[in-house]
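Reading through the structure tokens given below for one structure.
Numbering (this note's numbering), first residue to last: 26 to 640.
Structure, rendered in structure tokens:
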């Protein structure tokens with residue numbers, strides 16, 4: 026019984042879709058014009074197709090109605106683009122198999138131009154101190170006399186001028202009159218707009234709602250102003266972004282809007298907000314700054330399990346504690362375990378400053394056993410990074426380069442075992458600085474731009490007070506190629522300076538190999554050799570070229586060539602060459618890469634996978 030009903034249902038659906046396709050294919054639309062721009066023609070064609078989608082061609086009366094609807098649709102789009110005297114003719118012909126052909130002929134006529142533009146301001150902005158600002162707004166108006174008129178540009182201009190008032194000083198600004206009079210015979214537009222700025226708004230007392238564990242001193246770190254300062258929406262936006270990026274809150278709202286919440290409304294109705302003189306436009310209005318927050322959970326426990334092309338299965342656990350002892354800090358501790366490395370750590374992260382700089386201190390116990398080199402390290406360190414929100418950088422680098430500087434200092438106590446060579450203790454103190462220059466169209470998945478990283482470091486071996494230093498430069502360039510294809514070039518150069526026989530921490534030296542280095546070789550398997558182990562070398566050189574071809578918006582294939590070496594002396598260079606092909610899958614976190622690479626030096630074929638760009 027169920028099979029029979031299912032068969033009938035399938036038959037019914039098949040007949041329905043066949044009928045639908047027959048109707049959809051029983052008409053053809055041909056649109057011709059006298060030189061209308063291609064973008065507008067595309068919009069007109071799509072609109073006509075949408076109008077005719079549901080037509081019943083067997084009803085002559087309905088065809089007449091759709092005839093009128095097509096004309097109305099075309100006229101509406103043409104008038105929005107400045108054509109107010111067009112001519113639209115429709116001729117319906119019959120083709121093969123009784124197919125109806127809609128021949129639509131459009132004569133757009135003369136495009137309307139702006140003959141007059143009148144901009145008038147009323148309210149507090151008419152005070153003498155704002156004369157230059159008013160004149161600047163008028164002078165910078167995007168529309169000029171003689172320009173072609175479109176509804177889109179007219180609407181954008183009005184919004185831009187209104188927002189210029191709303192964002193600074195005049196929170197209650199509004200458009201009180203807007204007119205566009207069209208002279209169809211002469212194809213001219215007469216435009217007029219009147220904007221009432223309302224009273225000048227000043228920032229008053231600070232009202233905070235939603236704080237529980239987080240001390241108000243954290244807000245004072247970012248929210249800096251004096252009562253009576255002029256209202257500035259950019260400042261409010263910056264404060265909101267600063268507070269949200271601390272991770273102490275999962276929701277932040279900063280406003281001077283009197284209607285932000287019932288609580289604030291009750292507070293403000295006791296004051297002078299409702300008095301007519303405050304909003305009359307001839308005096309100043311003081312509004313409190315309202316901050317509403319929702320605190321993040323005080324504790325967070327996370328665990329993960331994954332797989333790495335070198336270490337195999339990896340397991341990690343993390344515990345975060347927000348605002349311990351009512352201090353605006355984040356305490357983090359965790360551990361990670363895989364085949365080649367085991368680590369436990371504890372960090373204290375301070376909130377970032379107004380420039381986006383974040384300080385942290387921590388301690389860790391780390392054990393690694395890789396390519397014959399076993400290192401057990403206890404370390405305490407300090408880091409200053411550019412992880413926080415920086416309004417200056419955000420504004421300056423929308424279309425240009427962005428610069429970041431990261432600093433670090435580390436005291437380490439290493440127990441180093443080099444297989445078939447030596448076993449020793451190395452205490453050390455190091456300091457590092459890293460300058461990053463980004464000029465990318467997308468930080469996570471770029472197809473145009475470049476990235477430069479310059480790293481400098483210096484340290485001393487504490488057992489015999491022997492100094493050493495390091496320089497490292499990484500550069501990557503992306504070139505867009507036809508359609509969505511991307512070609513990228515990557516290089517890396519590095520050098521360690523030290524006296525002969527000075528012991529340096531292994532992570533201060535250089536090793537290569539792996540997914541984001543030289544593919545076709547094991548992770549960090551290329552370096553200096555001591556005994557049967559691979560240790561950090563004094564120099565490194567890596568070059569890489571890759572071409573990515575995307576078959577659609579998400580999926581692509583790649584071909585690549587990597588070569589380089591990590592070495593102590595220039596005469597010891599023996600380039601390792603790796604090449605192959607791979608799969609690219611675009612994700613919100615960056616491209617997910619699966620690569621099959623052939624390592625020519627050792628004649629090995631290896632699988633690599635990674636998430637994100639190489640740097």
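Heads up, the beta-carbon is just placed ideally off N, CA and C, and yes, glycines get one too.
These numbers come from a predicted model, not from an experiment.
Leaving out five residues on either side along the sequence, give the residues of the same chain with a beta carbon under 8 Å from the beta carbon of residue i.
i, result
"residue 397", "443, 444, 445, 556, 557, 558 and 559"
"residue 159", "146, 150 and 151"
"residue 57", "128, 129, 130 and 131"
State the Cα-Cα distance for the pair residue i and residue j, rounded to the nearest angstrom.
i, j, result
"residue 234", "residue 268", "14 Å"
"residue 199", "residue 464", "38 Å"
"residue 93", "residue 177", "25 Å"
"residue 487", "residue 377", "32 Å"
"residue 91", "residue 75", "11 Å"
"residue 585", "residue 384", "38 Å"
"residue 596", "residue 512", "32 Å"
"residue 164", "residue 179", "16 Å"
"residue 537", "residue 553", "10 Å"
"residue 320", "residue 260", "22 Å"
"residue 263", "residue 244", "12 Å"
"residue 583", "residue 575", "9 Å"
"residue 251", "residue 227", "10 Å"
"residue 185", "residue 203", "14 Å"
"residue 193", "residue 187", "11 Å"
"residue 625", "residue 543", "11 Å"
In the DSSP assignment, what are the bridge partners of residue i?
i, result
"residue 617", "610 and 636"
"residue 501", "476 and 515"
"residue 208", "213"
"residue 228", "312"
"residue 484", "455 and 493"
"residue 9", "No answer is possible for residue 9: the residues shown for the chain start at 26 and end at 640."
Excluding the five sequence neighbours on either side, which residues of its own chain have a C-beta within less than 6 Å of the C-beta of residue i, listed in chain order?
i, result
"residue 514", "502 and 570"
"residue 143", "217"
"residue 12", "The question about residue 12 has no answer here: the residues shown for the chain are numbered 26 through 640."
"residue 402", "391, 437 and 439"
"residue 342", "328, 359 and 360"
"residue 212", "135 and 137"
"residue 388", "371 and 405"
"residue 457", "433 and 482"
"residue 357", "345 and 372"
"residue 293", "Unreliable placement is indicated for residue 293, whose pLDDT of 38 sits below 50; the coordinate value is still reported in the next sentence. Hits under 6 Å: 283."
"residue 33", "The predicted position of residue 33 is uncertain, since its pLDDT is 44 and thus under 50; no value can be drawn from it."
Start and end of the beta strand (DSSP E) containing residue i?
i, result
"residue 108", "Counting along the chain, residue 108 falls outside any beta strand (DSSP E), and DSSP gives it neither H nor E."
"residue 119", "112-119"
"residue 320", "309-320"
"residue 392", "383-395"
"residue 160", "It is not in any beta strand (DSSP E) - residue 160 instead sits in the alpha helix (DSSP H) that spans 156-164."
"residue 343", "337-347"
"residue 358", "355-362"
"residue 429", "427-443"
"residue 642", "Shown here, the chain extends from 26 to 640; a query on residue 642 therefore has no answer."
"residue 590", "580-592"
"residue 399", "398-410"
"residue 248", "Unbroken run through residue 248: none, as it is neither H nor E."
"residue 331", "324-333"
"residue 277", "274-280"
State yes or no: is the C-beta of residue i within less than 8 Å of the C-beta of residue j?
i, j, result
"residue 563", "residue 545", "no"
"residue 77", "residue 127", "yes"
"residue 325", "residue 331", "no"
"residue 191", "residue 220", "no"
"residue 633", "residue 448", "no"
"residue 239", "residue 353", "yes"
"residue 620", "residue 540", "yes"
"residue 133", "residue 59", "yes"
"residue 231", "residue 313", "yes"
Quick one: residues in its chain with C-beta nearer than 7 Å to the C-beta of residue i, no 5 flanking neighbours on either side, listed in chain order?
i, result
"residue 600", "588, 589 and 590"
"residue 241", "233"
"residue 106", "65 and 175"
"residue 72", "98 and 102"
"residue 395", "365 and 549"
"residue 182", "166, 167 and 168"
"residue 473", "466, 503 and 505"
"residue 524", "491"
Cβ of residue i less than 8 Å from any chain D Cβ?
i, result
"residue 462", "Absent here is chain D; the protein component of the structure consists of one chain."
In the DSSP assignment, the alpha helix (DSSP H) including residue i goes from what residue to what residue?
i, result
"residue 454", "Counting along the chain, residue 454 falls outside any alpha helix (DSSP H), though it belongs to the beta strand (DSSP E) covering 447-465."
"residue 180", "176-191"
"residue 262", "258-270"
"residue 71", "63-77"
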